[in-house]
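Read the sequence shown against our numbering and you will find it ends at 305, with the numbers running on by one and no gaps. Glycine residues also receive a C-beta, built at the ideal position from the N, C-alpha and C atoms. Note that the coordinates shown come from a computational prediction; the quantities given were computed from them, not determined experimentally.
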Amino acid sequence: MAKDILNILGAEIAPGKSVTLTFEVAKLHTRNTLEVPVIIERSKKPGPTVLMTAGIHGDEVNGVEIVRQIIAKGINKPKSGTTICVPVINVFGFLNMNRLFPDGRDLNRVFPGNSNGSLASRVAHFVMTELVPHVDFAMDFHTGGSDRFNAAQIRIVKDNPRLTELAHVFGAPFIYYSQNLNKTFRNACDKAGIPMLLFEGGKSFNIHNTITNTGVNGVKRVLHHLGMLKTKFTVSSPKVNAVVIKESKWLRAKYSGMFKATATINAKVNKGDVLGNITDPYGSFNYFVKAPHSGYVFNVNESPIIYQGDAIFHISTEIENS
C-alpha cells in the first residue's frame, strides 16, 4: 500500500501530490544531459502503487503511445493509491529509433543492473532501486520486433493465480503463458516479489489504433479492479473472452523470397489452411505456406522479403479450456 511519504530521486512526495521527476541517464559529449521523465500521481486516499512502463526497446513506439494516452487522458490520476508512469525508459533508443542502447546492449537483458556497469545496466539499476521498491504491481508495454506483428496479448507465467486474475481483468484477446527470461525486467520484478503484466501488441516503428485502444482499455479495467480508477472514466467489457495459450510453435520459412501473408492476426486456422505464399522476383515459383496444425495465429511476419528459416507465423498448439 502507498506510504504517507514517497521518497524517489531525493524528492519527498506526499499524498495528493502530482510530480514529474527526471532521472539523468548520462551527460553527453556535447555537454547536454539526457533525462528520463518519471510522472507520479498520488491520491490523498491510500491504495496500491502501480508502475506503468514502456520503451524498454526504443523502437517499440506503440507501447510508448499507450502510456502517453494514459497520462494525456488523466487515467493515471488515481482515485486511491499512486501511479508511476515512465513512458520511455530507453530514451537513447527512442531518439534514434533503435531497439538497443548506444553500447549495443539490450536493456531487457541486463536487469537488475549495476550502478557501475554499462549504460544500459545503470538504467536498469535505477529502475530496480529507485522505482520498483515502492511498487505493488507493474504493467510493462512492448511490441513485436523485426517486422513481426503481435496480436494484443498479456504474457504471464503459468500457475500464478494473482497474475492470471489480473490478466483476465485486463481483457486482451490472448493470454500467453511464457517463462520469465533471465535478466529481463519481468524476471527481476518477479524476484523482487512484484507481480507484472507484460503487454505485447503491434510491431516496431508503428502505432496501431486497435492495439493502442486494447492497451489503454486494459489499463482502465485493471485500475478499476484495484479501486484506483476515477468514476468519470467508463470501463468497457472485453469484446471477447481471452484465449489462454499454453503452448505454441513458430512456423519458419521453407524458402527465401517475397512473402505475403493471407492469414490475419487473431485468426483461428485449421491444419492445411493456406496462410500465405512465398515467391521470387522472376515468377519462377510460388510456394503456398500451409498451417502445420490447427490453432490461433497470434504473430505474423509482415516483412515483404524473408529468408529461409525466418519465423513467419506464431501459432498456438495447446490452449486452456475455459
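Beta-carbon proximity check, residue i vs residue j, cutoff 9 Å
| i | j | result |
| --- | --- | --- |
| valine 33 | isoleucine -9 | no |
| methionine 211 | serine 63 | yes |
| phenylalanine 153 | isoleucine 248 | no |
| proline 156 | threonine 197 | yes |
| serine 239 | isoleucine 177 | no |
| asparagine 79 | histidine 40 | no |
| proline 95 | histidine 108 | yes |
| valine 110 | threonine 36 | yes |
Which listed residue (the options) has its alpha carbon closest to that of residue i
| i | options | result |
| --- | --- | --- |
| proline 31 | Ile39, Ala246 and Val118 | Val118 |
| cysteine 172 | Leu146, Thr195 and Val152 | Leu146 |
| histidine 125 | His191, Glu113 and Val106 | His191 |
| glutamate 301 | Ser286, Asn282 and His276 | His276 |
| asparagine 284 | Val50, Arg235, Ile(-12) and Glu(-5) | Arg235 |
| glutamine 287 | Lys273, Thr245, Ala250 and Gly57 | The residue asked about is misnamed: residue 287 is proline in this sequence, not glutamine. Nearest of Lys273, Thr245, Ala250 and Gly57 to proline 287, Cα basis: Thr245. |
| glutamate 43 | Phe77, Val106, Met35 and His12 | Phe77 |
| threonine 3 | Lys28, Gly(-7), Leu11 and Gly255 | Gly(-7) |
| glycine 127 | Pro29, Asn189, Leu114 and Val140 | Asn189 |
| valine 202 | Phe268, Phe120 and Ser267 | Phe120 |
| tryptophan 233 | Lys254, Asp256 and Ala294 | Ala294 |
| serine 1 | Ala225, Leu11 and Ile(-12) | Ile(-12) |
| phenylalanine 242 | Lys254, Gln291 and Ala225 | Gln291 |
| alanine 225 | Gly266, Leu149 and Arg51 | Leu149 |
Span separating the alpha-carbon of residue i from that of residue j
| i | j | result |
| --- | --- | --- |
| asparagine 163 | leucine 17 | 30 Å |
| arginine 82 | threonine 217 | 35 Å |
| asparagine 304 | asparagine 97 | 43 Å |
| lysine 174 | valine 47 | 25 Å |
| threonine 193 | lysine 166 | 31 Å |
| proline 221 | histidine 151 | 9 Å |
| asparagine 45 | glycine 185 | 7 Å |
| glycine 57 | serine 26 | 13 Å |
| proline 70 | proline 264 | 42 Å |
| alanine 9 | threonine 112 | 17 Å |
| phenylalanine 268 | asparagine 143 | 48 Å |
| proline 61 | glycine -1 | 9 Å |
| aspartate 256 | leucine 90 | 39 Å |
| threonine 13 | phenylalanine 75 | 14 Å |
| asparagine 99 | isoleucine -4 | 28 Å |
| serine 161 | valine 140 | 5 Å |
Close beta carbons around residue i, own chain, < 6 Å, minus the five adjacent residues each side
| i | result |
| --- | --- |
| leucine 181 | Asp123, Arg138 and Arg169 |
| asparagine 59 | Glu24, Ile53, Thr66 and Cys68 |
| asparagine 282 | Arg131, Asn133 and His297 |
| serine 299 | Ile228, Ser231, Gly278 and Tyr279 |
| glutamate 7 | Thr16 and Glu18 |
| tyrosine 159 | Gln136, Arg138 and Ile228 |
| methionine -16 | Confidence at methionine -16 is low in this model, with a pLDDT of 44, below 50, so the placement of that residue is unreliable and no value is reported for it. |
| lysine 254 | Ala274, His276 and Ser277 |
Residues near residue i in its chain [Cβ-Cβ closer than 8 Å; skip 5 each side]
| i | result |
| --- | --- |
| serine 101 | Phe84, Asp86, Arg88 and Val93 |
| valine 223 | Pro156 |
| tyrosine 270 | Lys237, Tyr238, Gly240, Asn260, Ile261 and Thr262 |
Own chain partners of residue i with C-beta closer than 7 Å, once the 5 adjacent residues on each side are dropped
| i | result |
| --- | --- |
| leucine 258 | Ala244, Thr245, Ala246, Val252, Val272, Lys273, Ala274 and Phe296 |
| serine 219 | Asn200 |
| isoleucine 49 | Ala37, Phe124, Thr195, Gly198 and Val199 |
Min CB distance residue i to chain C below 9 Å
| i | result |
| --- | --- |
| arginine 138 | Given the protein chain composition of this structure (a single chain), no chain C is represented. |
Pair every Cβ in the segment 192 to 207 with every Cβ in the segment 229 to 247, then say whether three or more of these pairs are closer than 8 Å. The segment 192 to 207, when compared against the segment 229 to 247, does not touch it at the 8 Å Cβ threshold.
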